[in-house]
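Residue numbers (my numbering): 14 to 150.
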């Protein structure tokens with residue numbers, strides 16, 4: 014009888030201890046939300062209407078629309094996009110203009126002087142966030 018009971022315990026105890034972990038995983042998976050951030054540069058706000066852009070209007074209607082937003086740096090697409098993507102101001106994310114500013118890499122030439130970024134690295138905002146360890150919370 015003892016051997017049967019030990020086998021029973023060897024099966025039941027791991028099964029019971031695994032139960033809360035799987036339930037917790039299901040609960041955390043249910044709470045996971047995905048966010049899609051859409052930014053248009055130079056698009057007039059009055060173009061986002063049912064007449065001109067019905068799908069975009071529906072997306073904005075069912076999501077969140079920033080009606081009173083302010084740029085972190087005027088007329089610099091890369092700077093503002095990086096601020097939105099990383100949640101950090103330009104002094105933290107390394108994009109102080111539409112060129113990269115990284116004096117730690119090359120103090121004699123801290124600004125970028127190469128071809129436009131889109132010819133070299135189309136995912137610069139995400140790569141900047143990853144390489145600097147920045148996260149938006």
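No residue lacks a Cβ here, since even glycine has one placed at the ideal position from N, Cα and C.
| Asked | Found |
| --- | --- |
| Which of helix, strand or coil DSSP assigns to residue 50 | coil |
| Contacting residues, own chain, Cβ-Cβ under 8 angstroms from residue 79 (five flanking each side not counted) | none |
| Separation of residue 85 from residue 96, as counted between CA atoms | 7 angstroms |
| Cβ pair residue 177, residue 77 closer than 7 angstroms | This structure cannot settle anything about residue 177, because the visible part of the chain is limited to 14 through 150. |
| Beta-carbon proximity of residue 54 to residue 90, cut-off 7 angstroms | yes |
| Boundaries of the alpha helix (DSSP H) in which residue 72 is found, first to last residue | 67-75 |
| Which listed residue (105, 107 and 94) has its alpha carbon closest to that of residue 82 | 94 |
| Burial state of residue 110, where buried means 16 or more other Cβ atoms lie within 10 Å | exposed |
| Unbroken alpha helix (DSSP H) run spanning residue 92, endpoints | 90-99 |
| Beta-carbon proximity of residue 92 to residue 108, cut-off 7 angstroms | yes |
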